[in-house]
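Chemist: Just passing along the structure, written as structure tokens.
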Ligand SMILES: Cc1ncc(COP(=O)(O)O)c(C=O)c1O
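In our numbering, the protein residues as written are 128 to 481.
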């Protein structure tokens, strides 16, 4: 049967769709910034209590939203739950972006901003992080004068680990008079900085969150958008009535009820991040200061061969040779024993440059 489907031009123009990686569970997964320590045991207990009746009902959001909002230090009307962090980014396209309107990003960064921009036929204005992965503040402030619909800033940035703080944020918000400013705080807990308290004086500010990192719930797909009541009400207009499934809701609720588990994980990551950077420096490998649960390293021209050898031994890292430069790699900070295994294998497979 021959059918001519009326596909949107933006979709026809998209180059590829990359299927997510499979078969990772028995490997050393230092490639996706997952929480390799695992979520709170309270999450498993809460999921086990779900009844068939609950599963048959459409989810009810009020009570868990109240508790999750409390965890973030905002009111329920300032919190919108979404189907994962990716979806917490998509909502800005549905709300603010028409075909041909422009969005602003700084690369290298999380690829989903570009991904959605292509699907929504937005024009993409791209700035670059500096050679030391510093945030291009002056360029961003200048670009905001052109009034892009949305600026996306991953903070800390994935993969560079760069953190935008108070003074830079103040300048960005001042310049963003006609732009929605999305601070993507997927890794905010590891950085000690959050833009959330700024929502009250800045209606153009939106904070995107995910439960895939510090809460260890990547499989369940739970994210959130935080903004002042009036601004978030605009985003809500673009939402379906049941964007989040009950298992994700129950898991997120239980996770925020156990702050100690998340705090221990964050503290452990910070210690291992500093230690691992020092170990790499001793091997002559350049690393960039990171505020996330990962670290960007430059192994130079012989990096790609090393990464292949590691992969053959079941050690997965996120190589960034193509978009940053040959030998760049993003490494998730795993448990102590995982990092020791990685380091031992690197030492074995990689000789110091002369
Ligand atoms: C900066 C950033 N934002 C958002 C996300 C999306 O998170 P999720 O896994 O919940 O879709 C990620 C995931 O890696 C990320 O790195």
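Virtual Cβ for every residue (Gly too), placed ideally from N, Cα, C.
A quick note: this is a predicted structure, and the numbers were derived from the prediction, not measured.
Quick one, are the C-beta atoms of residue 204 and residue 373 less than 8 angstroms apart?
Modeler: Not in contact: residue 204 and residue 373 (Cβ atoms no closer than 8 angstroms).
Chemist: Closest to residue 355 by C-alpha separation, out of 340, 335, 343, 349, would be which residue?
Modeler: Answer by Cα proximity: 335.
Chemist: Can you determine whether any heavy atom of ligand 1 sits closer than 7 angstroms to the C-beta of residue 160, and answer yes or no?
Modeler: Yes; taking the cut-off as 7 angstroms, the Cβ of residue 160 has a heavy atom of ligand 1 nearer than that.
Chemist: Going by DSSP in three states, residue 468 sits in which element: helix, strand or coil?
Modeler: Helix, per DSSP.
Chemist: Tell me residue 180's beta-bridge partners as DSSP assigns them.
Modeler: For residue 180, which the question treats as bridged, DSSP gives no partner whatsoever.
Chemist: Please check the pair residue 308 and residue 278, which I expect to be a contact at CB under 8 angstroms, by giving their CB distance rounded to whole angstroms.
Modeler: Between residue 278 and residue 308 the Cβ distance is about 6 angstroms, and since that is below 8 angstroms, they are a contact.
Chemist: Put residue 442 into one of helix, strand or coil per three-state DSSP.
Modeler: Three-state result, residue 442: strand.
Chemist: Looking at the secondary structure, which residues open and close the beta strand (DSSP E) in which residue 425 lies?
Modeler: Note, residue 425: beta strand (DSSP E), 421-425.
Chemist: Does DSSP put residue 451 in a helix, in a strand, or in coil?
Modeler: Residue state, collapsed to three classes: coil.
Chemist: Secondary structure at residue 201, three-state DSSP: helix, strand or coil?
Modeler: Coil.
Chemist: Using 7 angstroms as the cut-off, classify the Cβ of residue 213 as near or not near the heavy atoms of ligand 1, replying yes or no.
Modeler: Indeed, a heavy atom of ligand 1 lies less than 7 angstroms from the Cβ.
Chemist: Assuming residue 489 is part of the alpha helix (DSSP H), what are its boundary residues?
Modeler: Coverage of the chain is limited to positions 128 through 481, which leaves residue 489 absent and any answer about it impossible.
Chemist: With residue 213 as the anchor, note down where its alpha helix (DSSP H) starts and where it stops.
Modeler: Per DSSP, residue 213 belongs to the alpha helix (DSSP H) from 211-223.
Chemist: Can you check whether the CB of residue 208 is closer than 8 angstroms to the CB of residue 192?
Modeler: It is a contact, given that the beta carbons lie within the stated cut-off.
Chemist: Please find out if some non-hydrogen atom of ligand 1 comes closer than 7 angstroms to the beta-carbon of residue 350.
Modeler: Residue 350: yes, Cβ under 7 angstroms from ligand 1.
Chemist: What are the partner residues of residue 311, as DSSP defines its beta bridges?
Modeler: According to DSSP, residue 311 bridges with 281, 335.
Chemist: Taking C-alpha atoms, which residue in 350, 451, 477, 455 lies nearest to residue 425?
Modeler: Answer by Cα proximity: 455.
Chemist: With 8 angstroms set as the bound, which would you pick, yes or no: does the beta-carbon of residue 136 sit closer than that to a beta-carbon of chain C?
Modeler: Protein chain content of the structure displayed is limited to a single chain, and chain C is not contained in it.
Chemist: Spell out a yes or no on whether the stretch 137-148 and the stretch 336-345 are touching, meaning 3 or more CB-CB pairs, one atom from each, closer than 8 angstroms.
Modeler: Flag = no, the stretch 137-148 and the stretch 336-345 do not touch.
Chemist: Can you look up residue 414 in the DSSP assignment and give me helix, strand or coil?
Modeler: Residue 414: strand per DSSP, three-state reduction.
Chemist: Considering residue 246, what are the terminal residues of the alpha helix (DSSP H) in which it resides?
Modeler: Where residue 246 is concerned, the enclosing alpha helix (DSSP H) stretches over 239-246.
Chemist: Check for me: the alpha helix (DSSP H) holding residue 398 runs from which residue to which?
Modeler: Taken as a continuous stretch (DSSP letters only), the alpha helix (DSSP H) holding residue 398 covers 386-409.
Chemist: Start and end of the beta strand (DSSP E) containing residue 232?
Modeler: Here the beta strand (DSSP E) through residue 232 covers 229-234.
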